[in-house]
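Notes follow the structure.
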Amino acid sequence: MSRRKAREIAFKVLFQVDQVDADARAAFNYLVEQTPLEDNNRDFSWQLVEGCLQSLPEIDEKITKYSREWSLSRMLSVDRNVMRLACYEILHMTETHPVVVIDEAIEIAKRYGNENSGGFVNAILDKILGEKK
2 MSRRKAREIA FKVLFQVDQV DADARAAFNY LVEQTPLEDN NRDFSWQLVE GCLQSLPEID
62 EKITKYSREW SLSRMLSVDR NVMRLACYEI LHMTETHPVV VIDEAIEIAK RYGNENSGGF
122 VNAILDKILG EKK
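Position one of the sequence shown corresponds to residue 2 (our numbering), numbered consecutively onward.
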């Protein structure tokens, strides 16, 4: 469960950066104060944020490739940022099996998105994972 909280915090930071151009480190520090994490999970969460932001052009290209009918700007910000986070973890981190990463992304999308978010996120991330294999 702690890894899920770490991913949720990372998602919330990406969402804030995307929506209001928030400072990622300041948003992260604020959220960690509100939801304490163990050191290893805090480090994991920040690694997700930092890596995702640094790899954003590559990640957005992958998402755009498989969401042909939906431009990034048309997507719900929740869906877009959940996929960004999971895409980064699938492509650049190896400690968690990609299927687990996708399952976690679906759960976050269902919690914060609309009734279609889980299925949409699942479809795009499955295609990205299929390309990676």
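Where a beta carbon is used, it is the ideal one built from N, C-alpha and C, also for glycine.
These numbers were taken from a predicted model, which means no experiment stands behind them.
Item	Value
Reference TYR67, options VAL21, LYS128, ARG4, SER3, closest by Cα	LYS128
Reference ALA51, options VAL101, VAL79, ALA11, closest by Cα	According to the sequence as given, residue 51 is Glu; it is not Ala. Out of VAL101, VAL79, ALA11, ALA11 has the C-alpha closest to the C-alpha of GLU51.
9 angstroms Cβ cutoff met for GLY119 and GLU108	yes
Unbroken stretches of the alpha helix (DSSP H), 4 residues or longer, contained in the region 57–83	57–67
First and last residue of the uninterrupted alpha helix (DSSP H) at PRO1	Nothing about residue 1 can be read from this structure; the chain reaches only from 2 to 134.
The region 68–80 in contact with the region 98–106 per 3-pair CB rule at 8 angstroms	no
Span separating the alpha-carbon of MET84 from that of ASP44	20 angstroms
Contact set for SER56: own chain, Cβ-Cβ below 7 angstroms, skip 5 residues either direction	TYR89, HIS93
Neighbour-count burial assignment, GLU105, 16 or more Cβ in a 10 Å radius	buried
Spatially closest choice to GLN48 from LYS133, ARG26, GLN35, SER72, by CA coordinates	ARG26
Backbone CA spacing between LEU141 and ASN123 [nearest angstrom]	The structure shown does not extend to residue 141, since the chain spans only 2 to 134, so no value can be given for it.
Distance between SER3 and PRO58 (C-alpha atoms, nearest Å)	29 angstroms
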